[in-house]
Amino acid sequence: MKTVIILLAICLVTALSGCELVGKEKVQLPKDGLSKYDQLPTNVDLYVMKKNGTYDERPNDLEELCKDFLYYRKKILEDPQEAADARATFQQVNADLSGYPEEDVQRMFSLIENSGYKAP
Numbered sequence: 053m054k055t056v057i058i059l060l061a062i063c064l065v066t067a068l069s070g071c072e073l074v075g076k077e078k079v080q081l082p083k084d085g086l087s088k089y090d091q092l093p094t095n096v097d098l099y100v101m102k103k104n105g106t107y108d109e110r111p112n113d114l115e116e117l118c119k120d121f122l123y124y125r126k127k128i129l130e131d132p133q134e135a136a137d138a139r140a141t142f143q144q145v146n147a148d149l150s151g152y153p154e155e156d157v158q159r160m161f162s163l164i165e166n167s168g169y170k171a172p
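For the sequence shown, my numbering begins at 53 and goes up steadily by one.
Written out as structure tokens, the structure reads:
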């Protein structure tokens, strides 16, 4: 048991040694705040205001939801065996995206497309 704990401690120290101790800048955008960006911001934790005036607790939530949308859409269109499972998740992603202003969702899709992102 002690050996396992020691190995886990070594792994943790090794993993943390490569981490940056200074956190990313936290940027909170108002509704339609993405319109000022020509490209996806890097090295920031981006929080986009939802329709109800709140922010998701996860940084970069809107970006991740848009990427999930693209991923599951691709799965549905290209992989008939996984389409049924992907469709349920796709619908949940759509529901989550509906919490954001349409202008910000569309702008995020444009920024992602301009970044050269391709859904895996």
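Note that beta-carbon positions come from the ideal geometry of N, C-alpha and C, so glycine has one too.
Worksheet item: Near L73, what residues of its chain come up, given a Cβ to Cβ distance below 7 Å and the 5 sequence neighbours on each side ignored?
Response: The sequence position of residue 73 within the sequence shown is 21, counting from 1. Low local confidence applies: a pLDDT of 47 at L73 is under 50, so the model's placement there is unreliable, with the coordinate-based value given in what follows. Cβ within range, chain order: n/a, list empty.
Discussion item. Quick check: K127 and A140, are their CB atoms within less than 7 Å of each other?
Written reply: Locating residue 127 in the sequence shown gives position 75, where the first residue counts as 1. Locating residue 140 in the sequence shown gives position 88, where the first residue counts as 1. Cβ atoms of K127 and A140: not closer than 7 Å.
Item to complete: Scan the stretch 115-157 and note each continuous alpha helix (DSSP H) run of 4 residues or more that stays entirely inside, going in chain order.
Response: 135-149
Worksheet item: What did DSSP end up calling D19 once you bin it into helix, strand or coil?
Response: A question about residue 19 goes unanswered here, because the residues of the chain that appear run from 53 up to 172.
Worksheet entry | Contact between the stretch 119-136 and the stretch 81-90 (3+ Cβ pairs under 8 Å) | no
Worksheet item: Which residues in the same chain have their Cβ closer than 8 Å to the Cβ of A171, if we skip the five residues on either side of it in sequence?
Response: Looking up residue 171 in the sequence shown gives position 119. Here the set comprises K119, L122, Y123, R125 and K126.
Item to complete: Tell me whether L92 sits in a helix, a strand or coil according to DSSP, three-state version.
Response: For the purposes of this step, residue 92 is taken as residue 40 along the sequence shown, with counting starting at 1. Coil at L92, not helix or strand.
Practice prompt. Count the other C-beta atoms from every protein chain shown that fall within 10 angstroms of the C-beta of E115, then say buried if there are 16 or more, exposed otherwise.
Written response: As a position in the sequence shown, residue 115 is number 63, starting the count at 1. It is buried - the Cβ of E115 has at least 16 other Cβ atoms within 10 Å.
Item to complete: State buried or exposed for R159, treating a residue as buried only when at least 16 other CB atoms are found within 10 Å of its CB.
Response: What you label residue 159 is simply residue 107 of the sequence shown in a count that begins at 1. Per the 10 Å Cβ criterion, buried.
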